[in-house]
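See the structure below:
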């Protein structure tokens, strides 16, 4: 609606099309524009309109349109297109006579009664459903006039219904002032609700519509269901009602999208012509949506033909009436059956607080309940659905089968249920398609022992085929698991909690097995498919969790387990609730969802893959042992290597490597275990079909012809503006190579950079290389004497410690130790490049900008694990800091300033910005010292601060941003001066002056001041900021009338400044004057201004607005640590003159309002207190605060003051 902005180009084009030599058209368009400017309810969209029209008229390039009606149509198209508002129309109606319908309130009461009775229909439908049809929304005045009639014949009758259908399908007229009246009936008395804001353009006023705290008649309230019916004829105030109730979530809308009318549309004559423009002059803005029903209409919750709306609303009310019962039913079922009993209270509370306003069908209700429960529980087993959506599996309790005791029968039964074979490679094979009941398994114990475990006892590995296992009894899994463990050790398998029985059963290793146990050492391989379900999945899950087996095949079915389904009362909704929790040996509750095998293959290929994995597993122990041995020989930190080696073997013994199924997964598992145990991400196991090339072959010394090519390839240089050098090199060359290319390198690269003032070294793409040249590179950036200790290297292969130092002699000129250096880094910066960066950072020689580096190693060896295709990359050197003596972290180098490394311009820009800032710092510090010395209120302190600040300039060498500079400068200024108000600040432009209306001033004053009257005629006055004298003087009469007169006639006064943070001091003299007598002027304070070197005397005023409080009545001022600035000056004066008792805490110790100074030509600004109070009679309050006569905590100050005054008045009465 009216969403466009005025397009000058479009209107210019329109004018070009419209007008020729005729004289009336330009005047007509200008008059139309003026009407729009004065009346259109979106004035912000008209910016630039008059200028564009005048430009079009002045251009003279306009065509003729002689037919007035055609002109009106073209104008309509133009103005609607320019403003995107279809309500704007221009018509040519020379004989139009405006007809003003009589206002409703002016009609006789009898006629109003007939009108209301004809426009209102009320009846009570089946199930106590109210039906109220209103065809015209009456306004506030009419409603007040007909109050008793409406109360007795409409609202009181509606109030007793259980739910209501509010029919606005035929409501095409009405008054917006009646909207709050209706909305109030469907809401509570408190709190009041802001329901609409109406802007009227002709009067340029804004009116807020709120619900009413009191109404005539009984409220319908906000709890009973309300359905509003709309049609495409519903218009105006009725749309406002529907829109408001919808977005307050008070009513569902059923029917058709409403007409999209307007708050107020007027038809205005354009000048003296026969042309008229129809224009919306007011607009509505809903406080919830920020939008309106105008033009777009109200969209229904249920879109249906208006003729069918009543029946549909009745069905909807039936659905909604079932919601409380459905929620209660769901709550009862969850409370009684849900297996996570500790979660039940949170579920019930969540359901109770859930908003079901949007539910308009049983399907909505089911989805809403399901989504809410899922969001809280995160339990996929807990589901709510309509019965027709999906069939729900209801698990039956297992009943023991009636099995005869005949041994032959039992043997045949076991032969039928269990398939046992010995496969190639002495691998046992066991298949069964269902877990039997525990009692059945016990009865078949001897036959199972003979059939299965005697047959399998000598096999080397066992394949258990669960590809066709659809479940059965979970309890019987304990028997099978016991056979697969060492009988000499007690082992916990799993726990089952049954909510219905309220029992917890733990399943542990069983003793007294009838057959030979298979034990825990031999390999077990579980075959699965997407048919594997229920207890079959649980067994597969446990074998993974216990690290007892390797799973091969397809992801299991994820069939719902241990759940019951219940129909929700009076609905077609079914809730499925898990009543059993299956808890593994780690204490984790398994929520189902399918088990993912270690090797995912097609079910029909699972047996073949099992044989391949069995063969691979024969190598695993030797590979794990070999990894540990390599680590103990080569890893740079021996004690860590020993520990990790032991951990690897322990993990293998515990079965952690049963989940690996090939070299790739073994390499991944070993890498994870190495890094987790050692904390070193550089340890890495990888597999490679061919032997990897050594990364540390002896470097080749380049020929003379190759030197130039190497330099051009490895080094990029540039001298940037400001004499800033830029050096990029992407590989750390070996020292022998550097010596070989040294003369050429100095001539072609270094000589062009050595005389720059600052250097940027770009290491973002330097992934490493050789560390042997690092001392040489570092040496160029330090002085010749003394030699600097860069770092210490411990080499595991030689068990030697080597201190790495700068070199005493180098080719070419040194860069020296005083010029700034910046190193750019990225996550690619590795190994030797990291060592160079970290060494320079450790010695505070560089500022690092970019990303944290990768955390590589100075030297890593690549070693083959046995004769396999697995290789281990092992760091064999560690670096110790020259500063701390501790081993450098393996996590990489953290930059001083973070920047995205892939944005080269950004990283360089950050570096250059820091360089430029640092170049400015000396001048900024000097200018700061001068400003403080010349302007700080206390001259001696200012001079001392300036001197000490100049001496501290070296402390600013590591500043990397304007924020850092301002933070440090503020801290130094406050430390050196002891004044919290002497600091850096922001040059915030002043707000433009406000010119509020007298009414707005009154409201502002009511909010800004708080008054009260206590026992014994004790007045109370609180305000939290002092105003500027000129502003206060202009509204003094208003303050006196609405604030001062409420406390001036009290017998004592408490002035509460505990939350007063200061403000301007220009009104202090005036406010103090109210507490002194008129017959004698009092010198309140002397204010010394440092910039001008003058002293100003502050006297009481002779003339005041309103009555004085005088000097005789008791005055207590409350203070706190927050009391600051101007408030402290007032407290200081009143205490110094003995006019008030101060109760509370020592004040903040701020200052008179400071002034803002720009530091030189920089963007740094200082806040400097330039004025201080008279110190002749004692120390200043600035920086120290004003101490109270009676010190008490701020929150106890008011009660203390009242107690003092009440005691005083009690004594006076005696």
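Residue numbers (mature numbering (1 follows the signal peptide of the UniProt record, and there is no 0)): -23 to -1, 1 to 1191. A virtual CB, placed ideally from N, CA and C, is assigned to each residue, including glycine. Everything numeric in this text was worked out from a predicted model, so none of it was measured.
With a 10 Å radius around the Cβ and a threshold of 16 neighbouring Cβ atoms, residue 963 comes out exposed. Under the 10 Å beta carbon count, residue 958 is surrounded by 16 or more other beta carbons and is classified as buried.
Annotation: the continuous beta strand (DSSP E) that includes residue 183 extends over 182 to 187.
Per DSSP, residue 502 is one residue of the beta strand (DSSP E) stretching across 500 to 505. Close CB contacts of residue 543 within its chain, under the 6 angstroms cut and outside five residues either way in sequence, are with 310, 552 (chain order). As a beta-bridge residue in DSSP terms, residue 229 pairs with 204.
Within the segment 1134 to 1190, the runs of beta strand (DSSP E) that reach at least 3 residues and sit entirely inside it are, in chain order, 1142 to 1145. Straight through space, the alpha carbons of residue 62 and residue 180 are spaced by roughly 21 angstroms. DSSP places residue 322 in the uninterrupted alpha helix (DSSP H) bounded by 321 to 330. By the beta-carbon neighbour count (other beta carbons within 10 angstroms, threshold 16), residue 476 is buried. Taken through DSSP and simplified to helix, strand or coil, residue 1049 comes out as helix.
Considering only 721, 951, 806, 122, the residue with the shortest C-alpha distance to residue 869 is 806.
Taking every protein chain shown into account, the CB of residue 1173 has fewer than 16 other CB atoms within 10 angstroms, so this residue is exposed. For residue 178 against residue 203, the beta-carbon gap comes to about 34 angstroms, at or over 8 angstroms, which does not count as contact. Here residue 1152 is actually not in contact with residue 1167; their C-beta atoms are around 25 angstroms apart, not less than 8 angstroms.
Its Cα nearest to that of residue 767, the residue 861 stands out among 599, 861, 429, 691. Distance between residue 496 and residue 434, taken at the CA atoms: about 9 angstroms. In the displayed model, residue 469 falls within a strand according to three-state DSSP. Per the C-alpha coordinates, the member of 1125, 714, 111 positioned closest to residue 678 is 714. Taken through DSSP and simplified to helix, strand or coil, residue 852 comes out as strand. If you ignore the 5 residues before and after residue 629, its C-beta comes within less than 8 angstroms of the C-beta of 597, 598, 601, all in its own chain and listed in chain order.
Scanning its chain for C-beta atoms nearer than 6 angstroms, with the 5 sequence neighbours on each side dropped, one finds around residue 441 the residues 407, 503, in chain order. Under DSSP, residue 837 takes part in a beta bridge, and its partners are 852. When secondary structure is reduced to three states using DSSP, residue 462 falls in the coil class, being assigned neither helix nor strand. With respect to the 7 angstroms criterion, residue 664 and residue 429 are not classified as neighbours on the basis of their beta carbons. Between the beta-carbon of residue 651 and that of residue 694 there is about 41 angstroms, and that puts the pair past the 8 angstroms contact cut. In the three-state reduction of the DSSP assignment, residue 67 falls in the strand class, which pools E and B. For residue 727, the number of other beta carbons within 10 angstroms of its own is at least 16, and it is reported as buried. Straight-line spacing of the CA atoms in residue 277 and residue 234 works out to 6 angstroms.
With contacts defined as CB atoms closer than 7 angstroms, residue 749 and residue 712 qualify as a contacting pair. Linking residue 747 to residue 754 through their CA atoms gives a straight-line distance of about 12 angstroms.
In this structure, residue 531 places its C-beta atom within 7 angstroms of the C-beta atom of residue 580.
Contact check for residue 136 against residue 208 fails: the beta carbons are separated by 7 angstroms or more. When Cβ pairs closer than 8 angstroms are counted between the two stretches, the segment 602 to 609 is seen not to touch the segment 438 to 457, the count staying below three.
Under a 10 Å Cβ-count criterion, residue 253 is classified as buried, with 16 or more other Cβ atoms of the shown protein chains found around its own Cβ. If you check the CB distance, residue 829 and residue 871 come in under 7 angstroms.
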